[in-house]
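Per the numbering used here, residue -18 is the first one in the sequence shown, and the count goes up by one each step. Note that CB positions come from ideal geometry on N, CA and C, so glycine has one too. Since this is a predicted model, take the numbers as computed values, not measurements. What follows is a short report on a single structure.
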Amino acid sequence: MLLTTGGLTAAAPQAQGAAARTETAVASSGPVDGVSESVVRVKVPLPASFGARPAACDWLSYLRYRATDGPTASADADRILVAQPGILEGAGAFDSVGRNTVARAAAQGRHIEFWALDRRSNCLEDHTGTASGNQHTAVDYYYRGMQVEGRTFAGYVGNDRLGWMAKLGIEQAVRDQYDLLTAELPDQGLRKRKVLCGGHSLGGVITGYFATADFDGDPATTADAGYNQCAGYFALDTTVSTTLGDLSGSMPDDTNLPDVGLGYGVVQAGLDSGALSRTLSAPVLLNPETMNLLAIAGLGAVRDPDGEADLPSYLPSNTNIEATNRFLFSKDAATFLTGSPAVKDFRLTNAAVLGALMDDNSEPLAFLQSSVGFFDGGPIADKNFPAANGGTKQPELFGVEYKAIPAQPHGPLYTWRNYDRVGAADDPGCKSADGTPFTGASKEVTDIHELARSLAEQPLDFTEQYFPTKLITDLELAASPQVKQLVAHPEGLTADPTLTVLAGDGLLAGRIPPDLHPVVANGYQHLDVLTAAPVQNNGLPEPVSTNLARFVEEPK
């Protein structure tokens, strides 16, 4: 594979011409009618220089959503939205917004498609346990050596087996999108007319690099330039840019990201040798095991949302699970240090377990928050760990909502009040110790049942277990010659019209760039722009998909 003067490496020879392709229909119990889903896999091998990797990693995958009564061929659709996922995020996270947008456009007489892309590194995930549909079977598969469908879990993949990921940075990310688009839609003119390129969170930055990229090694010829593969751009709680600035502060300090002050060459050498971790993780919550646990929790909430959960006690005890549970379920620092009371000491329904893991009044980390309702069935206390309620806020990291936690161990069964029952006549309207209401109807936008389904039932994960470290270090080293050369067409950022939709309480809360003229979804958290229910508590249609469907009509 040769390095071009334009910055991007040429596509591997195997990726040219007709590619092997599979497409499999996906059954859905979702509430949105008239939308068909399939999982598409296209064989686009990595260059030999990447080294040994599993055969599955030579394929690119995406979830394809289309109008059931629309054309079967993507090229015949009116528009095709192609979405890049955010950090630690997989294609399954786009399930609700993909369905809602396709349905909304169909109601306006437009047959569109929504493609939710999966990063190549998601090839390492083993979904066998969650795909069984049984929470106990999933736990037994991942932790107790139980065979499912004749398969035994091989364990989470260690750094010593990830040498090929040392080169999986921004260059390959945009090359993968280009190779997938050219394989699926060979006509460049059609791509320029019909494809809308965008993403969520980090996906906006990847879209920015895609827009400015040159793919044939000759910047003087622009038919191959990234911006000429798109009719417009869309950004979901992010901006289309080539900087991480708008997402600053969104990652905890305890991740294993290397010190980029060492310089591009030293960091790359560390990744190549294995001295540095080739995947992004942290001791608590952000690692392959805990990312997988979110899907397992979702499985319980899908199958028996109101049943009393036994997941906390059924899971084995290990340092990772214990630390994560303490981080998420401790009301203060003393509880975190002692581990008492523990999550096992509370009676929770399966839906309440998932709510505690993902809701903005429970989950501390802003980029993992959604607004799915609130605890019910018992007394509630302020959660003053890791940040104090009412104290100095770091919206980029911890979000802006007050945090709550069940207050009575060994007591009542705590249930979950779904988003559309917050503010109902029987809502007790829980308040913080300082008198501030924890939530209200205007702050709750996502159906917990749909969130559970997206987490547990998608063939491509909602979360991402193996996020390439190099993708972040490349972006943090954007000023280095090795990364700077990838921006061959800086004019590409403004060459096409852009729709920016921001979460009112998301990562850019309080610092929304006015020059972008964004649509602001009030009350939304970072994940809500992907997961919000089709109809909101004010009776109006969900604004993200509504504005995407309008943008599809005629980007301008």
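Helix or strand or just coil, what does DSSP make of D509?
helix
Quick test of your reading: D363 and Q506, contact by CB under 8 Å. State the CB separation rounded to the nearest angstrom.
Their Cβ separation, rounded to whole angstroms, is 19 Å, which puts D363 and Q506 out of contact at 8 Å.
Per DSSP, which one or two residues make a beta bridge with A250?
Note: A250 sits in no beta bridge, so no partner.
Please list the terminal residues of the continuous beta strand (DSSP E) segment that includes E4.
2 to 7
If you measure between the beta carbons of K412 and S352, is that distance less than 8 Å?
no
For N518, name the three-state secondary structure that DSSP assigns.
coil
Ignore the nearest five residues each way along the sequence and tell me which others in P269's own chain have a CB closer than 6 Å to its CB.
Y137, Q446
Buried or exposed: T49, going by 16 or more other Cβ atoms within 10 Å of its Cβ?
exposed
To which residues of the same chain is T133 closer than 7 Å at the C-beta, ignoring the five residues directly before and after it?
G126
As assigned by DSSP and simplified to three states, the class of Y137
coil
In whole angstroms, what is the alpha-carbon distance linking I61 and I493?
27 Å
Inter-stretch contact (C-beta, 8 Å, three-pair minimum) for the region 432 to 439 and the region 78 to 92:
no
Give the secondary structure of Q463 by DSSP, where H, G and I count as helix, E and B as strand, and everything else as coil.
helix
Using 10 angstroms around the beta-carbon of Q153, count the other beta-carbons present and answer buried if the total reaches 16, otherwise exposed.
buried
Y124: which of G320, S298, V482 sits nearest, CA to CA?
S298
Q65, enclosing alpha helix (DSSP H) - first and last residue
Taken as a continuous stretch (DSSP letters only), Q65 belongs to no alpha helix (DSSP H), being part of the beta strand (DSSP E) at 60 to 65.
Quick check on Q128: buried or exposed, where buried means 16 or more other Cβ atoms within 10 Å of its Cβ?
exposed
Let me make sure I understand the geometry here. Which of A514, S262, F327, G336 has the alpha-carbon closest to that of A282?
G336
Other residues of its chain near K148: CB distance less than 6 Å, five sequence neighbours each side excluded
F31
Would you mind stating whether T444 and L69 have Cβ atoms separated by less than 8 Å?
yes
Classify I93 as helix, strand or coil using the three-state DSSP reduction.
strand
Helix, strand or coil: which one does DSSP assign to N399?
strand
Across which residues does DSSP place A530 in a beta bridge pair?
Per DSSP, none; premise fails for A530.
Between the region 480 to 493 and the region 310 to 325, do three or more beta carbon pairs fall short of 8 Å?
no
Three or more beta-carbon pairs under 8 Å between the region 216 to 225 and the region 183 to 191, yes or no?
yes
Taking a contact to mean a Cβ-Cβ separation below 8 Å, would you say T512 touches V241 in this structure?
no
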